[in-house]
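The numbering of the sequence shown is this note's numbering, which starts it at 2 and goes up by one.
Just so it is clear, CB atoms sit at the ideal spot from N, CA and C, and this is done for glycine as well.
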Amino acid sequence: RELAAAGARLALVGLEPERLRALASGSRIRLLPPIPSTEVQPLLAAQYDALMAPSQWLETGPLVVLEAFAAGLPVIGSNLGGIAELVTSGTDGLLVEPADTGAWTAAMVRLASEPGLLERLREGVRPPKTMADVAIEMEGLYQRLAPAGAAAH
Numbered sequence: 002r003e004l005a006a007a008g009a010r011l012a013l014v015g016l017e018p019e020r021l022r023a024l025a026s027g028s029r030i031r032l033l034p035p036i037p038s039t040e041v042q043p044l045l046a047a048q049y050d051a052l053m054a055p056s057q058w059l060e061t062g063p064l065v066v067l068e069a070f071a072a073g074l075p076v077i078g079s080n081l082g083g084i085a086e087l088v089t090s091g092t093d094g095l096l097v098e099p100a101d102t103g104a105w106t107a108a109m110v111r112l113a114s115e116p117g118l119l120e121r122l123r124e125g126v127r128p129p130k131t132m133a134d135v136a137i138e139m140e141g142l143y144q145r146l147a148p149a150g151a152a153a154h
């Protein structure tokens with residue numbers, strides 16, 4: 002109800018629709034099947050304002066957060082694991098305690114109703130590093146750590 006009052010609409014992707022149909026009875030919630038990985042980033046960029054990553058467990062490398070950032074979207078995410086390492090709350094997203102449904106609702110309502118917040122968070126999103134970027138960084142790190150002319154063992 003709070004989300005409806007704020008004018009928010011949700012798309013729930015990749016979940017078990019049978020369990021959620023009663024929750025999605027209104028027109029503000031859409032249930033979508035899983036999306037092929039090659040289509041995630043273009044779909045996010047074209048149709049959504051933000052991404053929610055409500056993980057309840059430690060994820061070391063949450064790809065969906067990187068896909069959202071690549072699409073220029075801020076992330077409302079669980080304050081744990083890799084999500085908390087990637088999202089800077091108040092800069093490129095908002096972090097929420099994983100099991101606190103009231104906090105999740107408050108974060109979504111805040112994003113939908115606080116003037117300028119979505120725009121500020123979108124401006125704070127930086128594209129994730131590419132594999133080439135990571136390779137260059139690793140090469141530089143190895144060069145700094147290995148003494149010049151050191152023999153391989």
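> If you follow the beta strand (DSSP E) that G78 is part of, which residue opens it and which one closes it?
Replying inline: V76 to S79
> Going by the CB atoms, is the gap between V88 and A82 shorter than 8 Å?
Replying inline: First, the residue type needs correcting, since residue 82 is Gly and not Ala in the sequence shown. Result no, Cβ atoms of G82 and V88 do not sit closer than 8 Å.
> When you compare only the Cα positions, how much space is there between N80 and E124?
Replying inline: 21 Å
> Below 8 Å, can you find three or more Cβ-Cβ pairs linking the segment 97–115 to the segment 127–146?
Replying inline: no
> G73 lies in the alpha helix (DSSP H); which residues open and close that run?
Replying inline: G73 -> no alpha helix (DSSP H), and no H or E assigned at all.
> Any idea what DSSP makes of G62, helix, strand or coil?
Replying inline: coil
> By how many angstroms is the C-alpha of V65 removed from the C-alpha of M139?
Replying inline: 23 Å
> Whose C-alpha, out of P34, E40, L146 and S56, is nearest the C-alpha of I84?
Replying inline: Minimum Cα-Cα distance from I84 among the listed residues P34, E40, L146 and S56 corresponds to S56.
> With C-beta atoms as the reference, is T53 less than 8 Å away from I77?
Replying inline: One detail in the question is off: residue 53 reads as Met in this sequence, not Thr. A contact, by the Cβ cut-off of 8 Å.
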